[in-house]
Amino acid sequence: LNLGFAWKGIDLNMFFDGQFGNKIYNALPYYNVKKEGVGNYLTMFKDSWRSDNTNTNIPRFYGASDDPAIAATDNNGTTWAYTDRWLENGDFFRLKTLELGYTLPKTWVTKAMLENVRIYTAMENLFTITGYSGYTPDLGVNTGDGATGSGTDNVMSRGCDDGRYPSARTISFGLQVTF
Numbered sequence: 003l004n005l006g007f008a009w010k011g012i013d014l015n016m017f018f019d020g021q022f023g024n025k026i027y028n029a030l031p032y033y034n035v036k037k038e039g040v041g042n043y044l045t046m047f048k049d050s051w052r053s054d055n056t057n058t059n060i061p062r063f064y065g066a067s068d069d070p071a072i073a074a075t076d077n078n079g080t081t082w083a084y085t086d087r088w089l090e091n092g093d094f095f096r097l098k099t100l101e102l103g104y105t106l107p108k109t110w111v112t113k114a115m116l117e118n119v120r121i122y123t124a125m126e127n128l129f130t131i132t133g134y135s136g137y138t139p140d141l142g143v144n145t146g147d148g149a150t151g152s153g154t155d156n157v158m159s160r161g162c163d164d165g166r167y168p169s170a171r172t173i174s175f176g177l178q179v180t181f
């Protein structure tokens, strides 16, 4: 959505971006709780599904003694099953670009033998409204080698967030001079 206006030398332009109706597999917390034998387990494990703890939204943790068929697929015998536990709403609405400028009056700039002078500031990624708990709901295409496989533009990686950094918030200032 593009919005803009100009009034008495002041101009304002805004570009809003958004996406609605999609889901994101938030793999980062999945990796953080999976651990793969590299450290202590999170306290979340004590609340995972068990036959004596069925009223939970934390999936069953499979240890080496729980299910040998599943445990055999993991190098250290501990794993979490892939589940919709980490599936989240990916809707977002973002102010992607905001540019505010002021064009000096012609009577001022012609005295300096210039045609036009405009001073402006441009801001990128000022805010994002989302319920998504990851770094950014704007995923693009995964090029890493996370749970969804490696390689650029892997169709299986679309909608899977394994820890991408969000777009940087930037503020720049400028001066446009026409001679």
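Add 2 to a position in the sequence shown, counting from 1, and you land on the number used in the numbering used here. No residue lacks a Cβ here, since even glycine has one placed at the ideal position from N, Cα and C.
Quiz item: Do you know whose CA, among Leu102, Val119, Asn91, lies nearest tryptophan 110's CA?
Solution: Val119
Quiz item: Nearest to lysine 25 by alpha carbon, out of Ser135, Thr56, Gly103, Glu101?
Solution: Ranking Ser135, Thr56, Gly103, Glu101 by CA distance to the CA of lysine 25 puts Ser135 first.
Quiz item: Residues in its own chain within less than 7 Å of leucine 102 by CB, not counting five upstream and five downstream?
Solution: Leu14, Tyr122, Thr123
Quiz item: Taking just the CA atoms, how far does asparagine 57 sit from glutamate 90?
Solution: 20 Å
Exercise. Count the other C-beta atoms from every protein chain shown that fall within 10 angstroms of the C-beta of aspartate 54, then say buried if there are 16 or more, exposed otherwise.
Key: It counts as exposed.
Quiz item: Since tyrosine 27 and aspartate 163 are thought to touch, with beta carbons under 8 Å apart, how far apart are those beta carbons, to the nearest angstrom?
Solution: 7 Å
Exercise. Less than 8 Å between the CB atoms is what I'm expecting for phenylalanine 94 and glutamine 21, so what's the real figure, rounded?
Key: Contact between phenylalanine 94 and glutamine 21 holds: their C-beta atoms lie close to 6 Å from each other, under 8 Å.
Exercise. With DSSP as the reference, label asparagine 167 as helix, strand or coil.
Key: The sequence given here has tyrosine at residue 167, not asparagine. Three-state DSSP puts tyrosine 167 in coil, outside helix and strand.
Quiz prompt | From Arg160, Glu117, Leu100, Pro107, residue whose alpha carbon lies closest to that of phenylalanine 175 | solution = Leu100
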